[in-house]
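Chemist:
In the numbering used here, the protein residues as written are 89 to 1233.
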C-alpha cells in the first residue's frame, strides 16, 4: 500500500529529464574532469569544470553550443546576465573574474570584454549581476566586495573605455557567503551579519542587530504584487535554528519566521524516473539547521538547501511548502520553478516544482504508469476535487489503471480504484459555474497552463450561439442605416475618411480592416453585399473559433455593436494621430474604383502633392491612367513569366531581350515628360548593338528641376570638395553624366513614384528594374551608358540594398552610380531627425543619435555617415568602425578619400583583440586584389620619404629600416596573412620599391629568397637582422660564406654612407657592435661552428680579415670553451659506458 501524504502538502519536486548522457558527451563523467559550478538562464545552462572550461548548453534540446577555455585555473563561480543573455561572468580558482560577450546574434566569436584581477590569490565565493546595467559584483573569502563593469562591442569601441572599470565597494568583517542585488542596492551576507549597500550613494546599513557565526544566506524577494503597488521588495536573511528574518528594503527586521517545528513533518518523496517514490508518514524530530544559501524560486517561494535536503518555503504565509531528502547537494541554480542541482560526485539533476495534479499529467504523457499511479494514491486530496477533471479526466485514470500489471502491482491497482471511486464528479456543487461550461466543452491543460477548449459539435451551446448570430445579423441590417454624423464633426478630414471606411460608406484600406483588431466573437462591419454574404457563410458554421456559452445573459446585439463602433472610433482617432505624426498627406488615397466583383488594390502612399486641375480633367485622365497601369502590369507579368524560365534567366542575351521588351512600356507609363525622356527610340540607342551611339539627355523642365534640387548644406572646404569630385569622376570609360555649372547632374534622382502604384505591381517592377540595372552594370564600362540615367529616373523602384552592393562592386568602373545612389539616399533621409543633429556639428551627439536608430538599414545609415564625413572629414571616418558590419570597408572606401579610408581601416583592425586581428583582416580581403591595393595605400601614406630609404640605384640606404611607418602595425598584419606565391612576390616587390625593408625581409624569408635578403641586410648594416625572430638566419655554411662575401663588397659604400649620415640618422651614431662586416660575421659564425672552422671558411671565401685584439680574444675563449665542452662530453660518455658494462647481462 502507498501511504497518503497529509493535506498540507500539494506540491512535489519531480525529475523528468536525465542529464547523464549530456555529461557523458562532454566527458564530464570521468574521474579526471568534474563539474565544479553551474548557472542557468532562460536560454543557457552553464557548467564550469575543473580544467578551466565553461560549457554553454542550449536548454532547448540540450545541445552544446560553446566552450570557453580559461588558463587561469578551474572555474569556481559562474553567473548569467539576467537582462542580456549574451553576457556571462566567470570566476577562476586564481582569483580572476572574466566577463564574456558571446556575440551569437552577430555570429561572431566569444570575446573577453572585461577582466579583473582585483581578487587575485583569493577564493571568490559569490558573483551577482546588476539587474539593469552590465556590471558584476564579486565577493571573496577575504571579505572584499568589488564590481566589474563590462564593455560591449554592441555599443561600439568606446563603450569599453571607462575611467574605473574595476572598483572596490567595501571589505566586510569576514568571508562573503552570498550576494544579491535589486533596485540599486547590494545585499552582502557574511559569516557574522548581513549588510545593505546603496551602490549609487555609497551608503551602508546593517540588517538587524544580532550577529551570527557561520554560513547563512540572504536574498531579495521581488514580490510582484508589492512592486505593482509601488512598494520596495523585501529581503530574507537566514538565522541559526532554522529561522529566517524578514526585513524591509532599508534593513529593518519586520519579523522572524520559525521553521524548526514545522520541519518535523515527513519529507515529500522526490518523483524521479530513477526510482519509485517512497513515502514514510512517520513524524520527524524538529530540525535546527543553518541555511547556507537562500534563493527566490518562482514568484512566491523561497528555496534553501543543505547537503542532505532541499527546503521550499512560502514566506507570505510562513509555511513550509515541502522538503525532500536529496543527498550530497553541493550547489543549486534556479530559473523560475526549475532547479538544477550539482552533487558532490559531479553529476547533475534537473528538478521541477509542480503541483501534484500537474505532475500526474506529465507522468501520464511520458507513460510512466507506476509513478503516476503512486502519486495519485499519495496525493488523493489534490486529485479528488472536480476542478482537476479538466486536466486529469476519469477516462485517463481508467486508462492508467489498465496499463498496470495485475501480477506485480495488484495492491497499487486496488488503491487506485479506491481513489477513482472517491473522485468528485465534474458537475458537483463546488464547481457549478464551471460545470455549465464543461457540459458541452472538454478541456485539456497544456504544460504552460493554457486551457485548450475542444468544442462538441451539435451541442446546446452551438444552438445558442447560432440563435445569437441570427439576432446579431438582423441588428446589423438595422445598423447600416445608423448615421455617424456627430462623430465625424469631431475628427479631421483623415479621421472622417477612415471612419467612413470603417462604417461601410467607403472601402477601407487593408490596414484599417476591422478583422485586424476585432476578435472572433465580434461581428464585422461590411457594406457590400458580397462581403455580407461571406460573413454570413462564416457565421453559419456550427462552431466559432472560441465560443464559450456564458452562464449569464449576454448583452443585446445592438448594445454590443454600439460598443464595437465606439471601440473602432477610438482606434481610428489613435491611428489618425500616429499618421499625422508620420507627416503623411491625407490626399494620398485616390478615390476608389467601384467595379463590380473587383477587389480594391492596395495603393502605395506618396507624399508628392497631386496637381490641382479641374474636376472634368481628372475624370477624363483617370481612365487613361488606369489603362496605362493595366498595360504596364501586363508587360511586367509577361517579363516576370519569361524570366522564371531558367534557360532565359541564365542566358544574358535572352534575359536582355526580355527586359528590353518590358522597358519601353515602363518608359512610356512612368518615364519623364515627353520633352525630357528618351522614349523607346532613345532606349534602343543604348543597346549593345548600337554602342557607337549615346543618348542625348535634355534638360528637365525648370519647375521640376527646382523642385527636386537638393540644397547645398555641406560645409566641406573647397579643396576637399574638389578632391571628392575628382575621386568620383570616371577614370576610364563609363557614362559621363551631363552636369550643370555647379557640378550637379542635370537630371534629378526620383526617389518617389510620379503616380501611385499598387503594391504588388511596384514589387514586381522593383525586381525587374533592379535586375536590369545589375545586368547592364556588370557588362563592362563602355557598353551601356544609360545605366546611371535609368537609375536616376527609376530609383523609387530599385532595391536599395542590392543597388548599394552593386555600386560598391562597380565603383571603379562606374563611379557615377555611387554618386547617384548617394544623392538619392540623401534625399530620402533628409527628413530624419538625425539630420538636424548632424547639421549642428556635434560629432559625439550625432554618433549617439545614430546608435539609437538600431536596428540599422545599411543604405539609410550610409547616407547619414556621408553627411558626417562631409561635416567632419577624417575624424568622423575613424568613428565609423562602430557600425561594422552594417557598414563595410568597401562602403567607406567608395565614400572617403584614400588617406581617410586608410585611417578607418587601421582603426577597424585595431579594434579587435590582438589574437583576432590577423583572421579579421583576412576576412576583409574580399576580393583578393584588395591586398595589393591596401598595401600600396599603407606604404604611400604617413611613410618616410623614398629618398631616405632608397639610394639612387634602388638599393637600401644605411639603417633606413629604423624609420617609423605610420601604419606599421597594419602593414605587419597584412604581409603576414596567408597568400599564394604570386601575391607574395608582388608584395615583396612593392615593399622593395617603397623602401619598407622590414616587410621585404619577412617576405624574402617566406619566399626562400635568402640571397636577396642577405644583400639587403648587408646594405642596411644591422647585424641583428641575421637573428630570429625578425631577421633571416643563415642555416648552411654556404649561406654564411655568401653573407661574408656580400659584406666585403658592401663595406666601402657603407663607410661613405656612414660618413655622410653621421648622427642625423634616427638611431644616432652607428654602433660598431651591430655592424655587418666580415669580422663580425666571422665571430657570429665561430659561435655556431667553432672558431677554427669559421676561420677556414673565411679563407675559402678569399676574404682576408685581420682580427682585432678583442675579436682574437673572443676566438681564443671559444676554443677553450669548445675543448672543455668536448672533454665534458667525453667524460660523460665514458661514465655511461662503464655503468652499462657493469650491469649484469
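Yeah, the Cβ is synthetic: ideal placement off N, Cα and C, and Gly gets one too.
(1) Tell me whether residue 890 sits in a helix, a strand or coil according to DSSP, three-state version.
(2) Assuming residue 490 is part of the beta strand (DSSP E), what are its boundary residues?
(3) Could you compute how far the alpha carbon of residue 1084 sits from the alpha carbon of residue 1001?
(4) According to the neighbour-count rule (16 or more other Cβ atoms, all chains shown, within 10 Å of its Cβ), is residue 963 buried or exposed?
(5) I'd like to know whether the C-beta atoms of residue 750 and residue 885 end up nearer to each other than 9 Å.
(6) DSSP three-state label for residue 378, please.
(7) Count the other C-beta atoms from every protein chain shown that fall within 10 angstroms of the C-beta of residue 233, then say buried if there are 16 or more, exposed otherwise.
(8) Applying the criterion that 16 or more other CB atoms from any shown protein chain within 10 Å of the CB defines a buried residue, is residue 1213 buried or exposed?
(9) Using DSSP bridges, identify the partner residues of residue 165.
(10) Please state whether DSSP places residue 268 in a helix, a strand or coil.
(11) When the Cα atoms are used, what is the spatial distance from residue 982 to residue 891?
(12) Taking the alpha carbon of residue 290 as the reference point, which residue from 320, 341, 258 has its own alpha carbon closest?
(13) Among 1012, 1079, 999, 1042, whose alpha-carbon lies nearest the alpha-carbon of residue 1028?
(14) I'd like the list of long-range same chain contacts for residue 105, defined as Cβ closer than 6 Å, with 5 residues on each side in sequence excluded.
(15) Taking only three categories from DSSP, how would you classify residue 61?
(16) Quick one: residues in its chain with C-beta nearer than 8 Å to the C-beta of residue 420, no 5 flanking neighbours on either side, listed in chain order?
(17) Taking a contact to mean a Cβ-Cβ separation below 9 Å, would you say residue 1236 touches residue 401 in this structure?
(18) Identify whether residue 1036 lies in helix, strand or coil by the three-state DSSP scheme.
(19) Output the distance between the C-alpha atoms of residue 1237 and residue 467, rounded to the nearest integer angstrom.
(20) Shortest alpha-carbon distance to residue 210 belongs to which of 168, 288, 161?
(21) How about residue 1042 and residue 1081: do their beta carbons lie closer than 9 Å?
(22) Reducing DSSP to helix, strand and coil, say where residue 361 ends up.
(23) Tell me whether residue 482, by its Cβ, gets closer than 8 Å to a heavy atom of the ligand ATP.
(24) Return the CA-CA distance between residue 1225 and residue 998, expressed in angstroms with no decimal places.
(25) Say whether the stretch 952 to 962 touches the stretch 921 to 941, bearing in mind that this needs 3 or more beta-carbon pairs closer than 8 Å, one atom from each stretch.
(26) In whole angstroms, what is the alpha-carbon distance linking residue 369 and residue 448?
(27) Going by beta-carbon coordinates alone, are residue 409 and residue 425 separated by less than 9 Å?
(28) Would you mind reading off the limits of the alpha helix (DSSP H) that contains residue 1207?
(29) From 481, 458, 511, 474, pick the residue whose C-alpha is nearest to that of residue 498; which is it?
(30) With 16 other CB atoms within 10 Å as the buried threshold, where does residue 363 fall?
(31) Along the chain, where does the beta strand (DSSP E) containing residue 926 start, and where does it finish?
(32) How far does the alpha helix (DSSP H) with residue 367 in it reach, from first residue to last?
(33) List the whole-angstrom C-beta distance separating residue 460 from residue 488, where the pair is believed to meet the contact cut-off of C-beta under 8 Å.
(34) From residue 880 to residue 858, what distance separates their C-alpha atoms?
(35) Which whole-angstrom value is the C-beta distance of residue 166 and residue 176, which I expect to be below 8 Å?
(36) Using 8 Å as the cut-off, can you tell me whether the stretch 269 to 282 makes contact with the stretch 214 to 228, which would need three or more C-beta pairs spanning the two stretches below that distance?
Modeler: In terms of the structure at hand:
(1) helix
(2) From DSSP, residue 490 is part of no beta strand (DSSP E) but of the alpha helix (DSSP H) over 482 to 491.
(3) 26 Å
(4) exposed
(5) no
(6) coil
(7) buried
(8) exposed
(9) 179
(10) strand
(11) 14 Å
(12) 258
(13) 1079
(14) 438
(15) Outside the shown range of the chain (89 to 1233) lies residue 61, about which nothing can therefore be said.
(16) 381, 383, 391, 393, 398, 427, 428, 429, 430
(17) Look at the range of the chain in this structure, 89 to 1233, and you will see that residue 1236 is not part of it.
(18) helix
(19) Past the boundaries of the shown model lies residue 1237; the chain is included only from 89 to 1233, so the question cannot be answered.
(20) 161
(21) yes
(22) coil
(23) In the structure shown, the ligand ATP is absent, as is every other ligand, since no ligand is present at all.
(24) 59 Å
(25) yes
(26) 21 Å
(27) no
(28) 1197 to 1230
(29) 458
(30) exposed
(31) Premise fails: residue 926 lies in the alpha helix (DSSP H), 921 to 927, not in any beta strand (DSSP E).
(32) Taken as a continuous stretch (DSSP letters only), residue 367 belongs to no alpha helix (DSSP H), as it is neither H nor E.
(33) 6 Å
(34) 12 Å
(35) 7 Å
(36) yes
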